[in-house]
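My numbering puts the first residue of the sequence shown at 1021, with every later residue one more than the last.
Remarks on the structure that follows.
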Amino acid sequence: MTLLDSSMHSLLTSDILKLLSLGKVYTIQNFLSEPVEKLISITKLNFKKILQIKTSLLNKYSPVLMSGTALAQSSSQSTKSVSSGIGKLDNLLLGGLCPGSVYEVCSPAGDGKTQMCHTIAAFIKHPVYWFDSKGDFSAKRICQISNKDIEGTLSRIQVCRVESLLHLIEALYDLVSRFDSSSCQEIRIVVVDSVPTHFYALLDTSVNCQGYLSQIGNLLKYLAHRHSCIVLTTNLLSLASEPHEEDRPGMGKYWNHVPHVRLKMVSVGDGYRLSIMQSNSRRLSHEQVELVKISLKGVH
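In structure tokens form, the structure reads like this:
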């Protein structure tokens, strides 16, 4: 369940959130299920303001009703995979990236996650929204990989430099709002590189990191499901040091439910071993391994 946060509504100030917490109202579900009278008593906000918050939360987080025709059209669109531009990755995914899915590239630091994001962004012929936590996005790198219509390729990519988890949440909310108010049906790519950058910086503080992760995960899955986006995230991987241990993706159990497909990319020799680490689809093989390389032309 998603915890209430001040980024969800301007009336949910830190003081109001403290009062709600004292009244044992912690999550969106708690807030929506409580009678208005009780919320007025807890927060001292008037009826109109409580109703404004409830309406806003319902519009953002309630299930979306669709007609049978719209559902059929959405399903048809979301089942058509889009080539990533990386043939061996497409082989693993049985054709390419599926709209409506959240993908995660998981590897140790420096093992090609951002290079894969650059390659996909340079190749794919759809709008790309890139949230850059590390300052690693490189227009020069995009130009190296894409030697055709460089101007058109760069114009399709919008980059947002994010400075914190809260900034990322606010930026994702803004993107959700833009998409919700648009009638555009085009497939769009959302890249988040990367969540762990700011997550680990907050672990030793009093900030509720798990609450932030929950919000980010819900927003990414909403973009994938509601707007048929292809969502691509990156994560750190801790390799097992003992035979009885397993490789461990970053951010633990609070993040495990977010990716529909988790890819593992690990350096071996002069290349990288690419495999599927986790998947919601029974069709995808966890045994198949592809060897890829990184050059000026990207991942191939």
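Note that beta-carbon positions come from the ideal geometry of N, C-alpha and C, so glycine has one too.
Exposure label - residue i; buried when at least 16 CB within 10 Å
i	result
Tyr1149	buried
Ala1129	exposed
Lys1241	buried
Ser1061	exposed
Tyr1220	exposed
Ala1326	Outside the displayed span of the chain (1021 to 1320) sits residue 1326, for which this structure offers no information.
Asp1025	buried
Arg1161	buried
Chain D contact for residue i (CB, 8 Å cutoff)
i	result
Leu1031	Annotation note: the requested chain D is absent from the structure, which comprises a single protein chain.
Collapsed DSSP secondary structure at residue i in the structure displayed
i	result
Glu1124	strand
Tyr1193	helix
Thr1173	helix
Gln1178	strand
Ile1136	Correcting the residue type first, residue 1136 is Met in the shown sequence and not Ile. Three-state result, Met1136: helix.
Asn1300	coil
Asp1213	strand
Glu1183	coil
Arg1208	coil
Lys1108	helix
Ile1144	coil
Met1271	coil
Asp1200	helix
Leu1325	Since the first and last residues shown for the chain are 1021 and 1320, residue 1325 lies out of range.
Leu1031	coil
Leu1222	helix
Beta-carbon separation (whole angstroms), residue i vs residue j, contact threshold 8 Å
i	j	result
Gln1081	Leu1283	The amino acid at residue 1081 is misidentified as Gln; the sequence shows Tyr. About 29 Å separates the two Cβ atoms, so there is no contact after all.
Lys1064	Leu1031	Contact flag wrong, Cβ pair sits at about 12 Å.
Arg1250	Pro1119	Here residue 1250 is Ile; the residue named in the question, Arg, does not match the sequence. Contact holds; Cβ gap of about 6 Å.
Leu1077	Phe1051	6 Å
Leu1114	Leu1304	7 Å
Val1211	Ala1141	6 Å
Asp1152	Arg1181	5 Å
Endpoints, the alpha helix (DSSP H) within which residue i is located
i	result
Thr1022	Neither: Thr1022 is in no alpha helix (DSSP H) and is coded neither H nor E.
Arg995	Past the boundaries of the shown model lies residue 995; the chain is included only from 1021 to 1320, so the question cannot be answered.
Glu1057	1056-1063
Leu1037	1034-1042
Asn1050	1048-1053
Leu1252	Note, Leu1252: premise wrong, no alpha helix (DSSP H); beta strand (DSSP E) at 1250-1258.
Ser1076	1067-1081
Lys1160	1159-1165
Where the beta strand (DSSP E) through residue i begins and ends
i	result
Leu1316	Unbroken run through Leu1316: none, as it is neither H nor E.
**Request:** Determine, using beta-carbon pairs with one atom in the stretch 1236-1243 and one in the stretch 1099-1113, whether at least three such pairs fall under 8 Å.
**Result:** no
**Request:** Say whether the stretch 1204-1224 touches the stretch 1250-1258, bearing in mind that this needs 3 or more beta-carbon pairs closer than 8 Å, one atom from each stretch.
**Result:** yes
**Message:** Contact between the stretch 1189-1203 and the stretch 1156-1171 is defined here as three or more beta-carbon pairs at a separation below 8 Å; is this criterion met?
**Reply:** no
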